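So the structure is just underneath, and the comments pick up after that.
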Amino acid sequence: MISTIPIPEDKWLIIVNPNAGVKKGGRDWPQISRLLNSAGLDHLCILTEHRNHANNLTGEFIEKGFRNIAVVGGDGTMNEVVNGIFQQKHVSPDAITLGMIPVGTGNDWCRTFKIPFDYQGAIQILKNGKHFMQDVGEISYFRKDEPFERYFINIAGMGYDALVAKKTNISKEKGRGGPLTYIYFVFSSLFQYKFIEAIIEIDDQQVFRGEMFSMNVGICKYNGGGMMQVPGAVPDDGLFDVTLIKKTKKWLVIRFANKLYDGTLINLPFISTYRGKLIRIRSVGKIYLEADGESLGHSPFVYEIIPQSLKVICGL
Numbered sequence: 205m206i207s208t209i210p211i212p213e214d215k216w217l218i219i220v221n222p223n224a225g226v227k228k229g230g231r232d233w234p235q236i237s238r239l240l241n242s243a244g245l246d247h248l249c250i251l252t253e254h255r256n257h258a259n260n261l262t263g264e265f266i267e268k269g270f271r272n273i274a275v276v277g278g279d280g281t282m283n284e285v286v287n288g289i290f291q292q293k294h295v296s297p298d299a300i301t302l303g304m305i306p307v308g309t310g311n312d313w314c315r316t317f318k319i320p321f322d323y324q325g326a327i328q329i330l331k332n333g334k335h336f337m338q339d340v341g342e343i344s345y346f347r348k349d350e351p352f353e354r355y356f357i358n359i360a361g362m363g364y365d366a367l368v369a370k371k372t373n374i375s376k377e378k379g380r381g382g383p384l385t386y387i388y389f390v391f392s393s394l395f396q397y398k399f400i401e402a403i404i405e406i407d408d409q410q411v412f413r414g415e416m417f418s419m420n421v422g423i424c425k426y427n428g429g430g431m432m433q434v435p436g437a438v439p440d441d442g443l444f445d446v447t448l449i450k451k452t453k454k455w456l457v458i459r460f461a462n463k464l465y466d467g468t469l470i471n472l473p474f475i476s477t478y479r480g481k482l483i484r485i486r487s488v489g490k491i492y493l494e495a496d497g498e499s500l501g502h503s504p505f506v507y508e509i510i511p512q513s514l515k516v517i518c519g520l
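Counting in my numbering, the sequence shown runs from 205 upward without gaps.
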């Protein structure tokens, strides 16, 4: 039964993923809770119990009257909460204010919005209340040949990027994770991967047809624990930034690995970049997908931008 008791306008729902950061969320929550109390932030805390629980909790507590939600977790937990915000029908998504106290392994969304990784700093940002209206992406894709939709707020990756994310996520589920896990799988998975033929249309124009290695569609700049594969992405310009790595010699990925971190990857001759609002991707064979680090499904894909539709607390 949904409560009819009014929720104070400044009260926060804190959604805590105790498994985030290879169980760092659970270990550090008592410390974070004390800091929240010391900062004088009125809040209700709920711990997630299973995958996609944060999505369900978000919709439930929005209906109860909460309009301020903060995530104690990583990019995956943030993604679940965003999907809860956009899937619920009780209020417009832009009526919700969303913040984050990062405890994940990558914390890439926070990098764009200058949210510090230390808890006291992140809570101060939350208390300051400075907000930013960012774009949100919606993806249509398939899982076991059944259609699905998902929202994302950072970066979606396809092809090799999705394979690396999947292996990283499996490792985390087994309790083996950390900042270097993603890098390990970037190199260890390289020579088992097969190129896939793709047809890419952006804003109803075909921009590519051929074999691809990997592709990123970005709203923000960072993924993989600080990599910049879409360095030109601007989170409120109403456009996706796209980086396509075409078929090339695989050893070049190792040779130019440093360019993943400084944004100069896009200057290499086997890289193409694009911008657009609507992206369609078909393939000969299945291309697999991850969004905000969460492994999802396979092609065909349709990406649509929802401009300036999510209010986020930031340190910019």
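No residue lacks a Cβ here, since even glycine has one placed at the ideal position from N, Cα and C.
Values in this document were obtained by computation on a predicted structure and should not be read as measured data.
Under the three-pair Cβ rule at 8 Å, the segment 273-283 counts as touching the segment 488-502. When the Cα atoms are used, Phe352 and Phe346 turn out to be separated by approximately 6 Å. One thing to note: Ala360 has its Cβ within 8 Å of the Cβ of Leu493. According to DSSP, Lys450 shares a beta bridge with Met416.
If one requires a minimum length of 3 residues, the beta strand (DSSP E) runs lying completely within the segment 257-294 are 272-277, in chain order. Beta-bridge partners assigned by DSSP to Ile423: none are found. Measuring C-alpha to C-alpha distances from Ile400 to each of Ile449, His294, Gly244, Gln410 identifies Ile449 as the nearest. Closest by C-alpha distance to Pro504, out of Ile458, Gly429, Thr447, Ile404, is Ile404.
Within the segment 348-411, the runs of alpha helix (DSSP H) that reach at least 4 residues and sit entirely inside it are, in chain order, 364-377, 385-392.
A direct Cα-Cα distance of roughly 29 Å separates Ile475 from Ser375. For Leu239, the enclosing alpha helix (DSSP H) stretches over residues 224-242. Secondary structure note for Arg479: its beta strand (DSSP E) is the uninterrupted segment 475-480. The Cβ neighbour count for Pro297, taken over all protein chains shown within 10 Å, is at least 16; the residue is labelled buried. Taking C-beta atoms under 8 Å as the contact rule, Ile327 and Ile305 qualify, at a distance of about 6 Å.
Three or more beta-carbon pairs separated by less than 8 Å are not found between the segment 231-242 and the segment 253-267, which leaves the two stretches without contact.
Each residue's CA atom was taken as its position, placing Ala437 and Leu482 some 15 Å apart. With 16 or more other Cβ atoms from the protein chains shown falling within 10 Å of its own Cβ, Val421 counts as buried.
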